Amino acid sequence: MARRTLQDAYFKKAKAQGYLARSAYKLLQIQELKKVIKGGDAVLDLGCAPGAWVQVANEIVGSRGRIVGVDLKDVRHAFGDRVQMVQGDAFELAPEILLDAVGGGPYNVVLSDMAPNTSGHGDSERSARLCWRVLELVPDILAPRGNLVMKVLEGPDYPALLRDTKGMFAEVKGHKPRASRDVSCEMYIIGHGYIAGRVPQCVP
Ligand SMILES: C[S@@+](CC[C@H](N)C(=O)[O-])C[C@H]1O[C@@H](n2cnc3c(N)ncnc32)[C@H](O)[C@@H]1O
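Each residue of the sequence shown is one higher than the one before, starting from 1 at the first, in our numbering.
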């Protein structure tokens, strides 16, 4: 099937399967390949609106898991008891607030699908800054050996971002899931096994 047709198919499939957005399939494909989330995990989802990744994570963590979703936008969907929503800006939310939201923490997995409002100018730089914010939060909120998935719009900062993430996790790969639109320059940086105490070196 042509990629474009396949991508329209994801939109229809999301509707049919009750996912809030087609982006659900990006996380499902990442999970299938890389097994980032497991049953019972505490998961932080940064930039979670409208909530398709929260839905996917909720299915995987099961009854012992917990999920905290953060977004600038107010998310009102009823996800159930295991999910807590925090409305706010990832640049401003202190680690303590994120840890309180999950009952003290730490998290086993940090997801970030955060994306800047695209203007066609400086998008990849703004996207990279969002990623560095995620890396800044990691030492305070992610458990040792925890996992990370974060979206970045590929641009001049991508190699430094990848290098920085490699310094913090035992195994790091850049990956573009099939459900990611081919016109998009988005990539997902996937880190397995946070090495306790490691911090990012290149935060702008
Ligand atoms: C592509 S959407 C996420 C889609 C989501 N993963 C899903 O599957 O439903 C990107 C989100 O990032 C959020 N975002 C962008 N910058 C943010 C920031 N500084 N803090 C929190 N959320 C942010 C936007 O409001 C937007 O809802």
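Built from N, CA and C at the ideal position, the CB exists for glycine as well.
Note that this is a predicted model, so its numbers are computed, not measured.
Check: Sheet register partners of V109 (DSSP bridge); Outcome: V43 and N147
Check: Cβ-based burial, N147 [other Cβ within 10 Å; buried from 16]; Outcome: buried
Check: Run of the alpha helix (DSSP H) containing E125, from where it starts to where it stops; Outcome: D123 to I141
Check: V75 versus P116, G88 and R66, residue with shortest Cα-Cα distance; Outcome: G88
Check: Through-space distance from N117 to A128, alpha-carbon basis; Outcome: 13 angstroms
Check: Selected residue, minimal CA-CA separation from A52, among A21, L130 and L28; Outcome: A21
Check: Distance between beta carbons of L153 and S124, contact taken as under 8 angstroms; Outcome: 4 angstroms
Check: I189 (DSSP reduced to helix, strand or coil); Outcome: strand
Check: Close-in-space but distant-in-sequence residues of the same chain around D45 (CB under 6 angstroms, 5 per side omitted); Outcome: W53, V54, G69 and L111
Check: Short Cβ contact (8 angstroms threshold) for P95 with I141; Outcome: yes
Check: Check: K12 C-beta below 7 angstroms from any heavy atom of ligand 1; Outcome: no
Check: Cβ-heavy atom distance, D8 to ligand 1, below 7 angstroms; Outcome: no
Check: F79 CB to nearest heavy atom of ligand 1 below 7 angstroms; Outcome: no
Check: DSSP bridge partner residues for Y194 (one or two, in chain order); Outcome: F169
Check: For Q84: DSSP bridge partner residues; Outcome: V68
Check: Neighbour-count burial assignment, V199, 16 or more Cβ in a 10 Å radius; Outcome: exposed
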